[in-house]
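Asker:
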Amino acid sequence: MELKRVVVTGLGALTPIGNTKDDFWNGLISGKSGAAPITYFDTEKFKTKFACELKNFVATDFIDRKLASRMDRFTQYAMVAADEAIADAKLDLGAINKLRAGVIWGAGIGGLETFQDEVLNFAKGDGSPRFNPFFIPKMIADIAPGNISIKYGFMGPNYTTVSACASSANAMFDALNAIRLGHCDVVITGGSEAAVTIAGMGGFNAMHALSTRNESPETASRPFDATRDGFVLGEGAGALVLEEYEHAKARGAKIYAEFVGGGLSSDAYHMTAPHPDGIGVMAVMRNCLENAGLKPEDVDHINTHGTSTPLGDVAELKAISEVFGSHAKTININSTKSMTGHLLGAAGAIEAISTILAMENGIVPPTINHTTVDENIDPELNLTLNKAQKRNVKVAMSNTFGFGGHNACVLFKKLD
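Going by this note's numbering, the first residue of the sequence shown is number -1, and it counts up by one from there.
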């Protein structure tokens, strides 16, 4: 069976550094930090008092008030990003076969705020189980793609992948295969997350996973820097319209890039810590290259998982050096989490969009906030520090890893 070619024809982004695809890109190349003191709740008793929240986002500017009230924020974010991506793709919804159009989405947690608020409200009551009738439909992680498919009438595959912070890259790989294998013509894919909540911040603080650089939030996310002390929690959504190549060509669609491959692996090592030798990360990148039919020396740019944690950053860069050999020193490596923070289940989608736009614009966004060299990191690697760099990017890779040892990798190529 000959696999179908898959291309990206639409992008949508809702992020802490820009509420549209274009604003997101401008934020990236200017080295903008999305971190600031938390506004959603009182952080007086929290160890970490900042995050990368969305700025100036009002759900009812995009979604009917009644409908928005029945959605957790992670679903609201998904709807807005998907709407932008579908509009960007200029899909003629009356012309496509909706039985062959699907939605495959990623979310690491789902409706955490909804769950938190309902339980807190119950605890304040007299013990009677009085819950909002929309509690369950708002909370479940699969409801975001469900709402997207309902709005647009897409009747193909419709589900959510959950693999912690690898969730949306996992979703993109599933979507790639749905089209490759001939099951779909179009798939809306990506991911969303809204974990900047009392429970989210408290839980990650208890794990000692978050930066506590409260005196300087905007510089707290500092991947690869010797003084990094944990990740900065972010929120938002990224959406991509994937399309079978001949289908896109027939309707004269703008094509951003070809989605040439993906890979999955497991560390099989620890619940939260990466394997110190990066064995699972090496495997996922090799799997991705093999799946795409490409060689290590074909890759120009890698958007790393790069969360700004002491263990994770070193393990990933060691794995890159092992897989790519001497070619690793010629690759533009970066971590856009230095600007957006860590969007958990939405990270893979947002970072894939960054790699695609880097390819389109010939510019690799920087890794900001780097001030101190880490002696455990190869100094010859080009980590695109502090300033965007011009680069003719023909092939770009994006890595995402999640608690539980989940690793996912996706690869995009300029269309031949």
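Don't be surprised by glycine CBs; every beta carbon is placed ideally from N, CA and C.
Tell whether a beta-carbon distance below 9 angstroms holds between residue 94 and residue 184.
Answerer: For residue 94 and residue 184, yes; Cβs fall inside 9 angstroms.
Asker: Where does residue 319 sit, in a helix, a strand or coil, going by DSSP?
Answerer: It is helical.
Asker: Assuming residue 235 is part of the alpha helix (DSSP H), what are its boundary residues?
Answerer: Unbroken run through residue 235 is the beta strand (DSSP E), 234 to 242; no alpha helix (DSSP H).
Asker: I need the DSSP call for residue 256, collapsed to helix, strand or coil.
Answerer: Strand.
Asker: I need the DSSP call for residue 314, collapsed to helix, strand or coil.
Answerer: It is helical.
Asker: Apart from the five residues just before and just after residue 132, which ones in its own chain have a Cβ nearer than 6 angstroms to its Cβ?
Answerer: These residues qualify, in order along the chain: 68.
Asker: Which same chain residues end up closer than 6 angstroms to residue 345 when comparing Cβ atoms and leaving out the 5 residues on each side of it in sequence?
Answerer: So the list reads 163, 398, once near-sequence residues are dropped.
Asker: DSSP puts residue 330 in a beta bridge; with which residues?
Answerer: Note: residue 330 sits in a beta bridge opposite 299, 380.
Asker: What residue does the beta strand (DSSP E) around residue 395 start on, and which one ends it?
Answerer: Where residue 395 is concerned, the enclosing beta strand (DSSP E) stretches over 393 to 400.
Asker: Contact between the region 239 to 259 and the region 190 to 208: three or more CB pairs below 8 angstroms?
Answerer: Contact fails: fewer than three Cβ-Cβ distances are below 8 angstroms.
Asker: Measure the Cβ-Cβ separation of residue 362 and residue 330 and say whether it is below 9 angstroms.
Answerer: Yes, the Cβ-Cβ distance between residue 362 and residue 330 is below 9 angstroms.
Asker: Between 308, 28, 36, which lies nearest to residue 372 when the distance is taken from Cα to Cα?
Answerer: When only C-alpha atoms are compared, the closest one is 308.
Asker: Just verifying my parser: in three-state terms, what is the DSSP assignment at residue 365?
Answerer: If DSSP states are grouped into helix, strand and coil, residue 365 belongs with the strands.
Asker: If we ignore side chains and look at the alpha-carbon of each, how far apart do residue 123 and residue 265 end up?
Answerer: The straight-line gap from Cα to Cα measures roughly 44 angstroms.
Asker: Would you call residue 102 buried or exposed, if buried means 16 or more other Cβ atoms sit within 10 Å of its Cβ?
Answerer: When all chains shown are included, residue 102 counts as buried.
Asker: Which runs of the beta strand (DSSP E) spanning at least 3 residues fall entirely within the region 121 to 205, listed in chain order?
Answerer: Whole beta strand (DSSP E) segments, 3+ residues: 156 to 159, 184 to 191.
Asker: Can you tell me the Cα-Cα spacing of residue 63 and residue 38, whole angstroms?
Answerer: Approximately 20 angstroms, taken between the alpha carbons.
Asker: Write down the C-beta distance between residue 79 and residue 339 rounded to the nearest angstrom, noting that I regard them as a contact closer than 8 angstroms.
Answerer: Residue 79 to residue 339, Cβ: 17 angstroms. No contact.
Asker: Are the region 276 to 290 and the region 216 to 228 touching, with three or more C-beta to C-beta distances below 8 angstroms?
Answerer: Not touching, per the Cβ criterion.
Asker: Nearest by alpha-carbon distance to residue 434: which of 70, 287, 91 is it?
Answerer: Any property of residue 434 remains undetermined from this structure, which presents the chain solely from -1 to 414.
Asker: Please state whether the Cβ-Cβ distance between residue 353 and residue 394 is less than 9 angstroms.
Answerer: For residue 353 and residue 394, yes; Cβs fall inside 9 angstroms.
Asker: Count the other C-beta atoms from every protein chain shown that fall within 10 angstroms of the C-beta of residue 349, then say buried if there are 16 or more, exposed otherwise.
Answerer: When all chains shown are included, residue 349 counts as buried.
Asker: Terminal residues of the continuous beta strand (DSSP E) containing residue 102?
Answerer: Segment 99 to 104, the beta strand (DSSP E) holding residue 102.
Asker: If you run the structure through DSSP and keep just helix, strand and coil, what is residue 338?
Answerer: If DSSP states are grouped into helix, strand and coil, residue 338 belongs with the helices.
Asker: Among 204, 205, 219, which one has its Cα closest to the Cα of residue 211?
Answerer: Closest option to residue 211, Cα to Cα, is 219.
Asker: Roughly how many whole angstroms lie between the Cα atoms of residue 343 and residue 192?
Answerer: Cα to Cα, residue 343 sits roughly 9 angstroms from residue 192.
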